[in-house]
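The structure appears below as structure tokens.
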Amino acid sequence: MSTTSETGPEHTPAGPGGAASDAAAREREQERELGEAGSQLSTAPKEDLPNLPALGVVGWARWFWRQLTSMRVALLLLLLLSLAAIPGSLIPQTGVDQTRVADFREQHEVLAPIYDKLGLFNVYSSVWFSAIYILLFVSLIGCITPRTWQFVGQLRGRPPGAPKRLTRLPAYTTWRTEADPEQVREAALALMRRRRFRAHRVGDAVAAEKGYLREVGNLAFHLALIVMLIAFAWGQLFKFEGNKLIVEGQGFSNAIPQYDDRKFGNLFSVDEDLEPFSFDLREFKGTYERTGPNKGTPRTYEADLTYSEGPYGEEKKTTVKVNEPLRIGDAKVYLVSHGYAPVVTVRDGDGKVVFKDAVPLLPLDSNVTSSGVVKVLDGYRNARGEKEQLGFNAFFVPTFGGSESGTMLSQFPGLDYPVLALSAYHGDLKADSGIPQSVYQMDKTKMKEFKDSDGELFKKMLTPGETMTLPGGAGTVTFEKDVREWAGFQMVQEPGGGWALGGSIVAIAGLAGSLFIQRRRVWVRAVEGPDGVTVVEMAGLGRSESATVPEELGDLAGILYDRAPGAPEPEPSDASPAPSEPSGSPGSPDSPDPQAVPAEGAEKP
22 MSTTSETGPE HTPAGPGGAA SDAAAREREQ ERELGEAGSQ LSTAPKEDLP
72 NLPALGVVGW ARWFWRQLTS MRVALLLLLL LSLAAIPGSL IPQTGVDQTR
122 VADFREQHEV LAPIYDKLGL FNVYSSVWFS AIYILLFVSL IGCITPRTWQ
172 FVGQLRGRPP GAPKRLTRLP AYTTWRTEAD PEQVREAALA LMRRRRFRAH
222 RVGDAVAAEK GYLREVGNLA FHLALIVMLI AFAWGQLFKF EGNKLIVEGQ
272 GFSNAIPQYD DRKFGNLFSV DEDLEPFSFD LREFKGTYER TGPNKGTPRT
322 YEADLTYSEG PYGEEKKTTV KVNEPLRIGD AKVYLVSHGY APVVTVRDGD
372 GKVVFKDAVP LLPLDSNVTS SGVVKVLDGY RNARGEKEQL GFNAFFVPTF
422 GGSESGTMLS QFPGLDYPVL ALSAYHGDLK ADSGIPQSVY QMDKTKMKEF
472 KDSDGELFKK MLTPGETMTL PGGAGTVTFE KDVREWAGFQ MVQEPGGGWA
522 LGGSIVAIAG LAGSLFIQRR RVWVRAVEGP DGVTVVEMAG LGRSESATVP
572 EELGDLAGIL YDRAPGAPEP EPSDASPAPS EPSGSPGSPD SPDPQAVPAE
622 GAEKP
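With the working numbering as the guide, the letters of the sequence shown map in order to residues 22 to 626.
Shown next, in the form of structure tokens:
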């Protein structure tokens, strides 16, 4: 069995007179037939250059539509969308953090107006970002629709017949056999179908095709991309996200005034879309590594909740952990942060309690060194009986390193040796000015420091149960033995998340299929040669020059060779002179290209 694998066009020697023109005509005909046999291995539409002088308005519109719906433009728009999203991660966005946007405006008086005109403070809602997004959406739909219909047409059709000159295909093999041509074709048809090829007989050959999942994967990838774009847009338009810090023993109701901060999409309706529920934080439990190189690393964070759905729902108990949210309807409640809230009691000079509450403090490091303020806004009178407000800067460490450490930094995140450091102020906290204030910061513009005996700011470090006496009979501050913990929760309503996840999974699977599945065609021709012996030709063609096509062809040829074994080559003296045939026709001695090399895996001893 002889084999060939051809990678270039076969050269036909020129002859005198009309022989050369006939050979050239035959070669052009063979090129045309090979083009038909190799067509439709892809559903990519052909791009015709426009006839520029003849184009009118309709012609130009069609040409621009073809360019917009080409895969090349779709990929460029996808890249442009990725680049356009970069400013949204580098520049503060009004929908995410208005405070940072305000700070940016104060610090960059020249850039801020320019950014406003360009929409860089609200990138994802800007006109130019929406334009790219919509163009990409239209491009993908316009690109996928014709390819899908064309592929459906291919599935309903049959593989094209074999070209006249199989030697021109990238992988080729041939041998002579004493088996009847009809038997060879039947055996080839059965073999192809057993190997899951779509196969049928066309004239004197069997045409087979395989690898349709490549195009299915390609179309699935782009359809999944469209689904992901729709899911992303839907999620952003109807998204709600809010954060709330809750101390142990306190509760939360899902209403807008309850949130510390929140943001929602343009089409989100608070009255209709906000999920009704409430919950109480019964207890927060955190454990940490005590020894080893990972000392202080959290092992578990758990929040025990009692929750109810709707205004009159039955109370239920649950435990929320990191990455294990509480799901209520379309809402998810995530546990996102943790800290401490020391209980502080403030009394005036007469011993009257004017403040007693757990004060949540914000962590500064992984060992939960925390800071914040204690504000006494109402009910306090100084030693002269005048109404006044008190403020205390608070610094808390759950595990103090001792006075010899020389620093107020926590040594461990657990409550091993809690210490609270306070510095005292009195005056006006400007809480009645109408300007919103942070509960973790203190406006000192109208506050005065309490002074110690040395004329310095009055401050003191307290352990649980200790009391700090303010100068001049102004009152006392007690650090109670009860140190509570707080948990930060994020409530999220984001429709389309399931569709986006499903689309991403399908996109990955489709991309893998389009990259690793090879679409290819195989033809088997069996005809009776001039000496009465059957000549078998097999050839394979793939969408690209893949090494797997010759290898697979060799495997198929080996199996078919076992069923139609080779016949002995005729002796030169006994060989009958061949009738006049066109050069390269099946069974002619000069059919194989003298420059061809054996196809890998197709050799048979």
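Glycine is no exception: its CB is placed at the ideal position from the N, C-alpha and C atoms.
Fill in: Thr-194: first and last residue of the uninterrupted beta strand (DSSP E) it sits in
Counting along the chain, the unbroken beta strand (DSSP E) around Thr-194 starts and ends at 192-198.
Practice prompt. Please name the residue or residues paired with Met-92 in a DSSP beta bridge.
Written response: For Met-92, which the question treats as bridged, DSSP gives no partner whatsoever.
Discussion item. Counting beta carbon pairs with one atom in the segment 403-420 and one in the segment 527-543, are three or more of them shorter than 8 angstroms?
Written reply: As far as the Cβ criterion goes, the segment 527-543 does not touch the segment 403-420, which means the pair count is below three.
Worksheet entry | Check: Leu-234 C-beta below 7 angstroms from any heavy atom of the ligand PLP | With respect to the ligand PLP, the structure offers nothing, as it holds no ligand at all.
Worksheet item: Where does His-447 land, buried or exposed, given buried means 16+ other C-beta within 10 angstroms?
Response: Residue environment analysis places His-447 among the buried positions, since at least 16 neighbouring C-beta atoms fall within 10 angstroms of its C-beta.
Discussion item. Can you tell me which residues form a DSSP beta bridge with Ile-267?
Written reply: In DSSP, Ile-267 forms a bridge with Ala-508.
Worksheet item: Are Glu-269 and Leu-302 close, meaning C-beta to C-beta below 8 angstroms?
Response: Contact flag set, yes.
Practice prompt. From the DSSP output, in three-state form, read off Lys-469 for me.
Written response: Looking at Lys-469 - three-state DSSP - the assignment turns out to be strand.
Fill in: For Ile-107 and Ala-209, the rounded distance between their alpha carbons
If you take the alpha carbons of Ala-209 and Ile-107, they lie about 57 angstroms apart.
Worksheet item: Between Pro-113 and Val-122, is the Cβ-Cβ spacing less than 8 angstroms?
Response: Contact flag set, yes.
Practice prompt. Report yes if the CB atom of Thr-555 is closer than 8 angstroms to the CB atom of Asp-225, and no otherwise.
Written response: It is not a contact, given that the beta carbons lie outside the stated cut-off.
Worksheet entry | C-beta atoms of Val-227 and Arg-206 nearer than 8 angstroms | In contact: Val-227 and Arg-206 (Cβ atoms closer than 8 angstroms).
Worksheet entry | Beta-carbon proximity list for Ser-597, same chain, < 7 angstroms, skipping 5 on both sides | With a pLDDT of 46 at Ser-597, under the threshold of 50, the modelled position of that residue is not reliable, and no figure is offered here.
Worksheet entry | Separation of Gly-435 from Ser-387, as counted between CA atoms | Rounded to the nearest angstrom, the gap between the Cα atoms of Ser-387 and Gly-435 is 11 angstroms.
Worksheet item: Given a threshold of 16 other Cβ atoms within 10 Å of its Cβ, counted over all protein chains shown, does Ile-155 qualify as buried or as exposed?
Response: Ile-155 comes out exposed.
Fill in: Helix, strand or coil at Gly-448 [DSSP, three-state]
The three-state secondary structure of Gly-448, taken from DSSP, is strand.
Worksheet entry | Boundaries of the beta strand (DSSP E) in which Asp-386 is found, first to last residue | Counting along the chain, Asp-386 falls outside any beta strand (DSSP E), and DSSP gives it neither H nor E.
Worksheet item: Got a sec, what are the start and stop residues for the beta strand (DSSP E) Arg-303 sits in?
Response: Unbroken beta strand (DSSP E) run through Arg-303: 298-309.
Item to complete: Write down the C-beta distance between Asp-294 and Gln-514 rounded to the nearest angstrom, noting that I regard them as a contact closer than 8 angstroms.
Response: About 7 angstroms; that satisfies the 8 angstroms criterion.
Worksheet item: Given a threshold of 16 other Cβ atoms within 10 Å of its Cβ, counted over all protein chains shown, does Ser-391 qualify as buried or as exposed?
Response: By the 10 Å Cβ count, Ser-391 comes out buried.
Worksheet item: Which full runs of the beta strand (DSSP E) of 3+ residues lie inside the segment 204-268, going along the chain?
Response: Runs of the beta strand (DSSP E) lying entirely within the segment 204-268, each at least 3 residues long, are 219-223, 226-231 and 261-268 in chain order.
Discussion item. If you reduce the DSSP assignment to three classes, tell me which class Asn-143 lands in.
Written reply: Look at Asn-143 here: in three-state DSSP terms it is helix.
Fill in: Neighbourhood of Lys-481 by C-beta, 8 angstroms cutoff - its chain only, sequence neighbours within 5 removed
Cβ within range, chain order: Ala-442, Leu-443 and Met-489.
Discussion item. Do His-359 and Gly-307 have their beta-carbon atoms positioned less than 8 angstroms apart in this structure?
Written reply: Yes.
Worksheet entry | Extent of the continuous beta strand (DSSP E) to which Thr-488 belongs | Where Thr-488 is concerned, the enclosing beta strand (DSSP E) stretches over 488-491.
Worksheet entry | Closest Cα partner of Phe-289 within the set Leu-234, Glu-262, Arg-546 and Arg-235 | Answer by Cα proximity: Glu-262.
Worksheet item: Going by other Cβ atoms of all chains shown within 10 Å of its Cβ, with 16 needed for buried, is Arg-540 buried or exposed?
Response: Buried.
Practice prompt. Hey, could you find the ends of the alpha helix (DSSP H) Thr-327 is sitting in?
Written response: Where Thr-327 is concerned, there is no enclosing alpha helix (DSSP H), although the beta strand (DSSP E) it sits in stretches over 319-330.
Worksheet item: Just the Cα atoms here: how many angstroms apart are Tyr-582 and Pro-571?
Response: The C-alpha of Pro-571 is placed about 16 angstroms away from the C-alpha of Tyr-582.
Worksheet item: CA-CA distance, Ala-183 and Val-223?
Response: The alpha-carbon separation between Ala-183 and Val-223 amounts to approximately 8 angstroms.
Discussion item. Tell me which residue opens and which closes the alpha helix (DSSP H) that Glu-573 is part of.
Written reply: Segment 569-584, the alpha helix (DSSP H) holding Glu-573.
Worksheet item: For Arg-83, which beta-bridge partners are listed by DSSP?
Response: According to the DSSP secondary-structure assignment, Arg-83 is paired through a beta bridge with no residue.
Worksheet entry | beta strand (DSSP E) segment containing Phe-285, residue limits | Residues 282-285.
Discussion item. Could you tell me the alpha carbon to alpha carbon distance between Trp-196 and Leu-522, rounded to whole angstroms?
Written reply: Rounded to the nearest angstrom, the two C-alpha atoms are 53 angstroms apart.
Worksheet item: Who are the near neighbours of Val-354 in its chain, counting only those whose CB is closer than 6 angstroms to its CB and skipping five residues on each side?
Response: Within the same chain, Cβ atoms closer than 6 angstroms to the Cβ of Val-354 are found at Pro-346, Leu-347, Phe-510 and Met-512, the five residues on either side in sequence being excluded.
Worksheet entry | Rounded separation between Val-374 and Val-365 - CA only | Distance between the alpha carbons of Val-374 and Val-365 is about 11 angstroms.
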